[in-house]
Amino acid sequence: MKIIHAKSYADLSRKAANIISAQVILKPNCVLGLATGSTPLGTYKQLIEWYNKDDIDFSQVTTFNLDEYVGLDPADPQSYHAYMRENLFDHVNLRKNAVHVPDGMVEDLADACKRYDALIQSHGGIDLQLLGIGKNGHIAFNEPGEAFEKDTHIVTLETSTLQANRRFFGTEEDMPKHAITMGIRMIMQAKKILLIADGESKRDILNKALYGPISAQVPASILQLHPDLTVVCHVEDKT
Ligand code: GLP
Numbered sequence: 008m009k010i011i012h013a014k015s016y017a018d019l020s021r022k023a024a025n026i027i028s029a030q031v032i033l034k035p036n037c038v039l040g041l042a043t044g045s046t047p048l049g050t051y052k053q054l055i056e057w058y059n060k061d062d063i064d065f066s067q068v069t070t071f072n073l074d075e076y077v078g079l080d081p082a083d084p085q086s087y088h089a090y091m092r093e094n095l096f097d098h099v100n101l102r103k104n105a106v107h108v109p110d111g112m113v114e115d116l117a118d119a120c121k122r123y124d125a126l127i128q129s130h131g132g133i134d135l136q137l138l139g140i141g142k143n144g145h146i147a148f149n150e151p152g153e154a155f156e157k158d159t160h161i162v163t164l165e166t167s168t169l170q171a172n173r174r175f176f177g178t179e180e181d182m183p184k185h186a187i188t189m190g191i192r193m194i195m196q197a198k199k200i201l202l203i204a205d206g207e208s209k210r211d212i213l214n215k216a217l218y219g220p221i222s223a224q225v226p227a228s229i230l231q232l233h234p235d236l237t238v239v240c241h242v243e244d245k246t
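First residue of the sequence shown: 8, per the working numbering; consecutive thereafter.
Below, the structure is given as structure tokens:
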């Protein structure tokens, strides 16, 4: 495990974007696993800036997102589909058919889960998986207490997760209570993992995840067992 302490959120974003950029330079047709949330916003912004300077080329890259709310149309502004279009996909030369976000609108969700995993496998798995961390230690939407060996599946979101993400919705009642999420098994099969964490509110959970016992109560703690984990964090209260 490599832990890189960033000086600021801007520094964290540049460092994370540098690592993603290096992956794309080293393997132009790589498969990137992408995350949503507030933390990756600066990373995506930096990647777009470098794309505009002709420093990074996404034309051969394939992407798979971690999760999506169940029942939100991809056109819904609160959906993770919309987040990805707004914050990355619409601004770089990723091919339209090379970007994938789980579909939370299909009738047969169990089948959609299986197809998502099969599609990732058919691309040879994920080369670099970008991850944020929830305040309760969740990665993607794998909530505490779930089995580590799950594949893509449907989850019921915890109250703390609903509260943390409520800022993106009008009221808690407006929020979907379920999500479709890549499972920990697939995340752990990524060749490299890049975990980013920003802010004092993430310090305790990051410590538990990286140095505490490996426990399903802290889903991110399983990352300790990954052979190629890089953590870029800015969790000091100095800046
Ligand atoms: C959501 C996402 C996670 C993300 C987490 C943390 O729950 N499903 O993938 O890591 O939020 O988000 P933030 O970066 O906003 O703290």
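Glycine included, each C-beta is placed from N, C-alpha and C at the ideal position.
Endpoints, alpha helix (DSSP H) assigned at residue i
i	result
Lys215	Arg210 to Tyr218
Cys120	Leu116 to Ser129
Val31	Tyr16 to Leu33
Asn94	Tyr87 to Asn94
CB-CB length for residue i against residue j, believed under 8 angstroms
i	j	result
Lys199	Leu135	5 angstroms
Phe71	Ile11	No, Phe71 and Ile11 are not in contact; Cβ-Cβ is about 24 angstroms, not under 8 angstroms.
Val38	His130	5 angstroms
Gln85	Asn36	That belief does not hold up - the Cβ atoms of Gln85 and Asn36 are roughly 32 angstroms apart, past 8 angstroms.
Pro109	Tyr123	5 angstroms
As assigned by DSSP and simplified to three states, the class of residue i
i	result
Lys60	coil
His233	coil
Thr50	helix
Thr246	In this prediction, Thr246 has a pLDDT of 43, which is less than 50 and means its spatial position is unreliable; what the coordinates show is noted afterwards. It is coil, neither helix nor strand.
Ile221	coil
Val239	strand
Ala42	coil
Ala204	strand
Bounding residues of the beta strand (DSSP E) (the contiguous stretch that carries residue i)
i	result
Lys9	Lys9 to His12
Asp74	Asp74 to Tyr76
Neighbour flag for residue i against chain D, beta carbons, 8 angstroms
i	result
Arg174	No chain D appears in this structure, which consists of one protein chain only.
Check your understanding: When the Cβ atoms of the segment 147-154 are set against those of the segment 186-200, are three or more pairs found closer than 8 angstroms?
Key -> Touching, per the Cβ criterion.
Check your understanding: Can you list the beta strand (DSSP E) stretches of 3 or more residues lying completely in the segment 132-200, in chain order?
Key -> Counting only runs of 3 or more, we get 135-138, 160-163 and 185-188.
Exercise for review: Check whether the segment 35-47 touches the segment 132-140, counting contact only when three or more Cβ pairs, one atom from each stretch, lie closer than 8 angstroms.
Suggested key: Contact holds: three or more Cβ-Cβ distances are below 8 angstroms.
Review point. Touch check for the segment 17-27 and the segment 100-118: three-plus C-beta pairs under 8 angstroms?
Key: No, the segment 17-27 is not in contact with the segment 100-118.
Check your understanding: Do the segment 161-180 and the segment 211-225 meet, that is, are 3 or more Cβ pairs less than 8 angstroms apart?
Key -> No, because fewer than three Cβ pairs between the segment 161-180 and the segment 211-225 fall closer than 8 angstroms, the two stretches do not touch.
**Study point:** Sequence-ordered residues whose beta carbon comes within less than 6 angstroms of a heavy atom of the ligand PLP
**Key:** Of the ligands this structure carries, namely the ligand GLP, none is the ligand PLP.
Practice item. Report yes or no: do three or more beta-carbon pairs, one from the segment 167-175 and one from the segment 97-109, lie closer than 8 angstroms? Key: The segment 167-175 is not in contact with the segment 97-109.
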